[in-house]
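The next block holds one structure in the form of structure tokens; read it before the comments.
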Amino acid sequence: MSQGNFCIGIQPVGEIDTAYLKVIAGSFLGELRIKSLILPPLDHPDYAFDKRRVQYNAGIIINRLETMNFKGCSKIIALIDADLFIPVFSYVLGEARMGGKCALASLYRLKQSSERAAKVALHEFGHLINLGHCHEKTCVMKFSKNIEQLDSISAIFCKYCLDHIRYALKPTS
Ligand SMILES: [Zn+2]
Ligand SMILES: [Zn+2]
1 MSQGNFCIGI QPVGEIDTAY LKVIAGSFLG ELRIKSLILP PLDHPDYAFD
51 KRRVQYNAGI IINRLETMNF KGCSKIIALI DADLFIPVFS YVLGEARMGG
101 KCALASLYRL KQSSERAAKV ALHEFGHLIN LGHCHEKTCV MKFSKNIEQL
151 DSISAIFCKY CLDHIRYALK PTS
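Numbering (the numbering used here), first residue to last: 1 to 173.
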């Protein structure tokens, strides 16, 4: 199964070790047969820093990314090495809106594991193509609020989620 012209842009936000970017690109290709493009880094997002929480507001960063023009990329997975929050959670490992163009994954709490980063990236990508949280025990779409939960899932989609992805990415002709 090849996904034709579908291409994911892997977008560092601030400085990110290229090893992470390559592992994530490899997991999209290996798990989903999707090509990706590693994009030049954006500036560190000072605009999204919340002084009171001493964290970065994931929604504000995604809003900014959504206004940008990513030529040739169908979806964007942005990576940041900073602690993220959304108002209802004390922190999040990643954030994406259902059906959105851009998702964000944070390396901050992953204790330098590119394998964990790949899981968060695949999970957030799932949301971008309208996959909700899955109840299968080890599916990468299962919700993880911390790395203990993230470690209990695998870096692969269950059959149900994979079927959804294949259908969502099927070229319309
Ligand atoms: Zn999720
Ligand atoms: Zn699943």
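Think of the CB as a built atom: it goes at the ideal place given N, C-alpha and C, for glycine as much as any other residue.
Quiz item: Since residue 124 and residue 158 are thought to touch, with beta carbons under 8 Å apart, how far apart are those beta carbons, to the nearest angstrom?
Solution: Between residue 158 and residue 124 the Cβ distance is about 17 Å, and since that is not below 8 Å, they are no contact.
Exercise. Using beta-carbon positions only, say whether residue 143 and residue 127 come within less than 8 Å of one another.
Key: no
Quiz item: Just checking, does the stretch 55-72 make contact with the stretch 21-30 on the three C-beta pairs under 8 Å criterion?
Solution: no
Quiz item: What are the complete beta strand (DSSP E) segments, minimum 3 residues, inside the stretch 53-118?
Solution: 55-57, 75-80, 102-106
Quiz item: Is the beta carbon of residue 73 sitting closer than 8 Å to the one on residue 139?
Solution: no
Quiz item: Near residue 63, what residues of its chain come up, given a Cβ to Cβ distance below 6 Å and the 5 sequence neighbours on each side ignored?
Solution: none
Practice problem: Let me know the secondary structure DSSP gives residue 181 once reduced to three states. | Solution: Given a span of 1 to 173 for the chain in the structure shown, any question on residue 181 remains unanswerable.
Quiz item: DSSP state of residue 147, grouped into three classes?
Solution: helix
Quiz item: How many Å lie between residue 146 and residue 70 at the Cα?
Solution: 30 Å
Exercise. Count the other CB atoms, across all protein chains shown, that sit within 10 Å of the CB of residue 95; report buried if there are 16 or more and exposed otherwise.
Key: buried
Quiz item: Opposite residue 12 in the DSSP bridges: which residues?
Solution: 79
Quiz prompt | Own chain residues within Cβ distance below 8 Å of residue 81, not counting five before or after | solution = 14, 15, 16, 106, 107, 108
Quiz prompt | Status (buried if at least 16 other CB within 10 Å, exposed otherwise) for residue 89 | solution = exposed
Self-check item: Cutoff 6 Å; reference residue 44; Cβ partners in own chain excluding five residues on either side
Solution: 14
Self-check item: Contact test: residue 125 Cβ vs ligand 2 heavy atom, cutoff 7 Å
Solution: no
Practice problem: Classify residue 38 as helix, strand or coil using the three-state DSSP reduction. | Solution: strand
Practice problem: Please state if the CB of residue 119 and the CB of residue 155 are separated by a distance shorter than 8 Å. | Solution: yes
Quiz item: Under the three-state reduction of DSSP, which class applies to residue 161: helix, strand or coil?
Solution: helix
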